[in-house]
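J.:
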Amino acid sequence: MAQRRMFSKKIVETDFFMEMSPTAKLLYFYLNMSADDDGFVGNPKTIKLISGATDDDLKILIAKQFIIPFDSGVIVIKDWKIHNYIRNDRYNETQYLEEKKQLVIAENGTYSKVGIPGVIPTVSTGKDRLGKDRLGKSNNTMSDKSDDVIPYSQIISYLNEKTGRSFRTTEAHKRFIKARWNEDYKLDDFKKVVDNKVADWTGKTINGQPAEKYLQPSTLFGTKFDNYLNQAPMHQEQAQPYDDLGLPF
Numbered sequence: 001m002a003q004r005r006m007f008s009k010k011i012v013e014t015d016f017f018m019e020m021s022p023t024a025k026l027l028y029f030y031l032n033m034s035a036d037d038d039g040f041v042g043n044p045k046t047i048k049l050i051s052g053a054t055d056d057d058l059k060i061l062i063a064k065q066f067i068i069p070f071d072s073g074v075i076v077i078k079d080w081k082i083h084n085y086i087r088n089d090r091y092n093e094t095q096y097l098e099e100k101k102q103l104v105i106a107e108n109g110t111y112s113k114v115g116i117p118g119v120i121p122t123v124s125t126g127k128d129r130l131g132k133d134r135l136g137k138s139n140n141t142m143s144d145k146s147d148d149v150i151p152y153s154q155i156i157s158y159l160n161e162k163t164g165r166s167f168r169t170t171e172a173h174k175r176f177i178k179a180r181w182n183e184d185y186k187l188d189d190f191k192k193v194v195d196n197k198v199a200d201w202t203g204k205t206i207n208g209q210p211a212e213k214y215l216q217p218s219t220l221f222g223t224k225f226d227n228y229l230n231q232a233p234m235h236q237e238q239a240q241p242y243d244d245l246g247l248p249f
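Spelled out as structure tokens, the structure:
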């Protein structure tokens, strides 16, 4: 296995990366240094302990999609091929072949998991299937509404990015997201709801309390989701009290 490991400024000098805690960033570097030539790490929990990071740091890396987890406990560095180019005469294929078969690779070198919306490769996307066997997936894969096709982490990460909060992808939050997803709303719809209500509620108050506290999954992704999605732009003055926030209670 090649021992030299590189890091791309396109990844580690972005605002999105730098917003993480120092321990989460350190864990990311440790995982990269411990990865095999395909970017896989078989003992992420051990690396977490070695680096002094916490379970939350590992969860943050997953939520922000810097690493991709597998049911086996193995993880892969999403942007591995952006960071590293390993010559053929130095390259040793990963031992985690079953996990590798679950991945597709985009033209820019990023890994994605098979079954996540927008990453199943077709002739028009320019994405190549990893592994020797074919996908064998029908178009029904994208419409079965199973947990494998719902981008929970992307939705929660976007909400956190826009609100400065640190919501986790808990089962409670996933239930709200799944309910709306099963009504045929898509990722862009969730983002628009977040954008609409951040613009709507920022700086506002209700009963003397900041309206921003309602910028949370249970409110945004509840039964008034469609109203939030299709609301007209708000023009009220900042910090003006609300008589009706359109809340679900």
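Take the sequence shown: its position 146, counting from 1, is numbered 146 in the UniProt record's numbering, and each next residue is one higher. Ideal placement from N, C-alpha and C gives every residue a C-beta, glycine not left out.
Pull up the CB-CB distance for serine 153 and isoleucine 62, whole angstroms please, since I reckon it's below 8 Å.
T.: Along the sequence shown, read from residue 1 onward, the residue named residue 153 stands at position 153. Along the sequence shown, read from residue 1 onward, the residue named residue 62 stands at position 62. Contact holds; Cβ gap of about 7 Å.
J.: Return the CA-CA distance between glycine 39 and valine 76, expressed in angstroms with no decimal places.
T.: Indexing the sequence shown from 1 puts residue 39 at position 39. Indexing the sequence shown from 1 puts residue 76 at position 76. Whole-angstrom Cα-Cα distance: 5 Å.
J.: Do you know offhand how far tyrosine 214's Cα is from lysine 25's?
T.: Residue 214 sits at position 214 when you count from the first residue of the sequence shown. Residue 25 sits at position 25 when you count from the first residue of the sequence shown. Roughly 30 Å between the two C-alpha positions.
J.: Under a three-way DSSP split, which group does valine 114 fall into?
T.: As a first step, residue 114 must be located in the sequence shown, where it is residue number 114. In the structure shown, the three-state DSSP call for valine 114 is coil.
J.: Following the continuous alpha helix (DSSP H) through leucine 49, name the residue where it begins and the one where it ends.
T.: Taking the first residue of the sequence shown as position 1, residue 49 is located at position 49. Per DSSP, leucine 49 belongs to the alpha helix (DSSP H) from 44-51.
J.: In the region 165-193, which residue ranges form an unbroken alpha helix (DSSP H) of at least 4 residues, counting only runs that do not cross its ends?
T.: Inside the region 165-193, DSSP marks whole alpha helix (DSSP H) runs of 4 or more residues at positions 171-181, from first to last along the chain.
J.: Select from Ser72, Thr46, Ser112 the residue whose C-alpha is nearest the C-alpha of lysine 78.
T.: Translated into the one-based positions of the sequence shown, residue 78 becomes position 78. If we check each option's Cα against that of lysine 78, Ser112 comes out closest.
J.: Who pairs with phenylalanine 40 in a beta bridge, going by DSSP?
T.: Along the sequence shown, read from residue 1 onward, the residue named residue 40 stands at position 40. Answer is Val76, bridged to phenylalanine 40.
J.: Taking DSSP's pairing of strands, which residues face proline 69 in a bridge?
T.: The residue labelled residue 69 in the question sits at position 69 within the sequence shown. DSSP lists Ile75 as partners of proline 69.
J.: Where does the unbroken beta strand (DSSP E) through isoleucine 105 begin, and where does it stop?
T.: Start at 1 with the first residue of the sequence shown, and residue 105 comes out as number 105. That run of the beta strand (DSSP E) goes 103-105.
J.: Let me know the secondary structure DSSP gives glycine 157 once reduced to three states.
T.: Here residue 157 refers to the residue found at position 157 of the sequence shown. Per the sequence shown, the amino acid found at residue 157 is serine instead of glycine. Residue state, collapsed to three classes: helix.
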